[in-house]
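2 protein chains.
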Amino acid sequence: MGTSLHDHIKRYVKLTTDEQEILTAHLSEQSIKKKTHLLKEGEICRANYFVVKGCLRAYFINEKGGEQTCQFAIENWWITDYMSFDTQTPSHFFIQAVENTEIVILTKKMQDDLLKKIPALERYFRLLIQRTYAASQLRIKYLFSQSGEERYHHFNESFPEFVQRVPQYMLASYLGFSPEFLSKIRAGKT
Amino acid sequence: MGTSLHDHIKRYVKLTTDEQEILTAHLSEQSIKKKTHLLKEGEICRANYFVVKGCLRAYFINEKGGEQTCQFAIENWWITDYMSFDTQTPSHFFIQAVENTEIVILTKKMQDDLLKKIPALERYFRLLIQRTYAASQLRIKYLFSQSGEERYHHFNESFPEFVQRVPQYMLASYLGFSPEFLSKIRAGKT
DNA sequence: CGCGACGTTGATTTGCCTCAACGATTGTGG
DNA sequence: CCACAATCGTTGAGGCAAATCAACGTCGCG
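In structure tokens, the structure reads:
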């Protein structure tokens, strides 16, 4: 159970066998059907989700009623609304399965408990979020410095396999433009 | 020395007197003149900076040669390029003093050492970055959902005192538009 | 098989940028 | 302490990247 998560943790910190057992006892696994919501706007985010297989996304609804995707999580990524998770206040976001997805669930309560028992995991999560935040800093740089078309090509070169996996309208909003515009970029060249 | 940092840490974790001394021994303080650079593009980011008094910013130069401000740090905020700091690779960013600024410096080496000696600080930095990343998630939401004018008004309401503190051209680029446009927004109403 | 979700294409509109010229303010050296 | 330059902010004209709107093609699924 949860072996892919155990492998992931091993890349950052070493756990004793005891600790691994404690860890496992704090986790639960679940299979989620495509389009299922793990979190909805206004709800309090109760867990951090690790993707074993499949794909999740975070999005919100803008004033015109359109979905704006903010973040994707594929295999070996965690996803949550940290603001809501941390402060246990209502979320601004939806979290939804893009595909049928297998996840590991770490609830707030379990995480708090786990981090008290296994200090090494403080380090794991620190390194993890630091890496995630670094990626976010770079993403903001690209949002500010590249045109829509440049962002698409850049993303396409960086994650060619991933572009195939998600509907174009999700990708378009993630990259910060309309689905029609993405369609026109792709018509320009393959 | 570094008392404002000690106070800040106290809000998140408790340290013993011994630990506080170890901490102090790993830090250095410095006064930085306005416009001084702590990091330049292409350099490896060697430290994490805590602002005691004053203001720092991170920016990069876009293809047209203009400065694009990505982040500000005022009193009680840390700032660094986590990507470069973490992996010790060349940075994409500049870090510069907006005002004359007093900082506490925690070098990469000192941080590594410190976190080995004081596990509680792993927790401090985890909570800190988690909070920072949460703010970044929200910022991306606003970048995607609000017009330039809306972002300005929203920012102005959220941080009225701060808007007075930085040149408009820095604020404009932070909010994602040109200084001329900001000028026109302000002409619309006070 | 029919319906709804997704993608395409073209016409039109718009938010914001670019460029340029001109005030205001700051700070620095003579 | 003043003069002058550099920096910063303002204003207006014109332009462009991308949004919006609308209509139509297509595919997958119940």
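As given, the protein sequences belong to chains A and B, one line each in that order. Just add 238 to wherever you are in the first sequence, counting from 1, and you've got my numbering. Just add 238 to wherever you are in the second sequence, counting from 1, and you've got my numbering. Here a beta-carbon is modelled for each residue, glycine too, at the ideal position from N, C-alpha and C.
| Query | Result |
| --- | --- |
| Using a beta-carbon distance below 8 Å, is Thr428/A in contact with chain B? | Residue confidence for Thr428/A is low, a pLDDT of 47 falling below 50, so the modelled location carries little weight and cannot support an answer. |
| Check the DSSP bridge columns for Ser269/B and list the partner residues they point to. | Glu340/B |
| Hey, is Arg389/B's beta-carbon within less than 8 Å of any beta-carbon in chain A? | no |
| Can you round the beta-carbon distance between Gln375/B and Cys283/A to whole angstroms, since I take them to be within the 8 Å contact cut? | So it is not a contact: roughly 11 Å between Cβ atoms. |
| Extract the residue ranges of the alpha helix (DSSP H) inside the region 249-315 of chain A, only unbroken runs of 4 or more that lie entirely within it. | 255-264 |
| Buried or exposed for Arg295/B, going by 16 or more other Cβ atoms inside 10 Å? | buried |
| Mapping the DSSP letters down to three states, classify Phe332/A as helix, strand or coil. | strand |
| His246/B to Pro357/B, Cα distance in whole Å? | 17 Å |
| Who are the near neighbours of Leu243/B in its chain, counting only those whose CB is closer than 6 Å to its CB and skipping five residues on each side? | Phe288 and Val342 |
| Contact criterion: CB-CB distance below 8 Å. Does Gln326/B meet it with respect to chain A? | no |
| Between Val251/B and Arg361/B, how many whole angstroms is the CB-CB distance? I'm expecting something under 8 Å. | 5 Å |
| If you run the structure through DSSP and keep just helix, strand and coil, what is Ile247/A? | helix |
| Along the chain, where does the alpha helix (DSSP H) containing Ser416/B start, and where does it finish? | Here Ser416/B belongs to no alpha helix (DSSP H), and DSSP marks it neither H nor E. |
| Determine, using beta carbons only, whether Pro357/B comes closer than 8 Å to chain A. | yes |
| Alpha carbon to alpha carbon, how far is Thr345/B from Thr318/B? Give it in angstroms, no decimals. | 11 Å |
| Please list, in chain order, the chain A residues whose beta carbon lies closer than 9 Å to that of Gly292/B. | Chain A residues near Gly292/B: none, gap ~21 Å exceeds 9 Å. |
| Taking DSSP's pairing of strands, which residues face Ile317/A in a bridge? | Tyr287/A |
| Indicate whether Glu305/A and Ser411/A have their beta-carbon atoms separated by less than 8 Å. | yes |
| Can you look up Thr345/A in the DSSP assignment and give me helix, strand or coil? | strand |
| Tell me which residues of the region 370-387 of chain B have at least one Cβ-Cβ distance to chain A shorter than 7 Å, keeping chain order. | Thr370, Tyr371, Ala372, Ser374, Gln375, Leu376, Ile378, Lys379, Leu381, Phe382 and Ser383 |
| In angstroms with no decimal places, state the Cα-to-Cα distance between Gly386/A and Arg249/A. | 35 Å |
| Checking contacts by CB at 8 Å: is Asn300/B closer than that to chain A? | yes |
| Flag Cys308/B as yes if its beta-carbon sits less than 8 Å from any beta-carbon of chain A, otherwise no. | yes |
| Suppose you measure from the CA of Leu261/B to the CA of Leu353/B; what does that come to, to the nearest Å? | 10 Å |
| From Tyr320/B, Lys422/B, Lys355/B and Leu277/B, pick the residue whose C-alpha is nearest to that of Asp256/B; which is it? | Lys355/B |
| By how many angstroms is the C-alpha of Val290/A removed from the C-alpha of Asp350/B? | 30 Å |
| Taking Cβ-Cβ distances below 7 Å as the criterion, which residues of the region 256-271 of chain A are in contact with chain B? | none |
| Give the DSSP-derived three-state secondary structure of Val401/B in the structure shown. | helix |
| Does DSSP classify Thr428/B as helix, strand or coil? | Since pLDDT at Thr428/B reaches only 47, below the 50 mark, its modelled position is unreliable, and no value is offered. |
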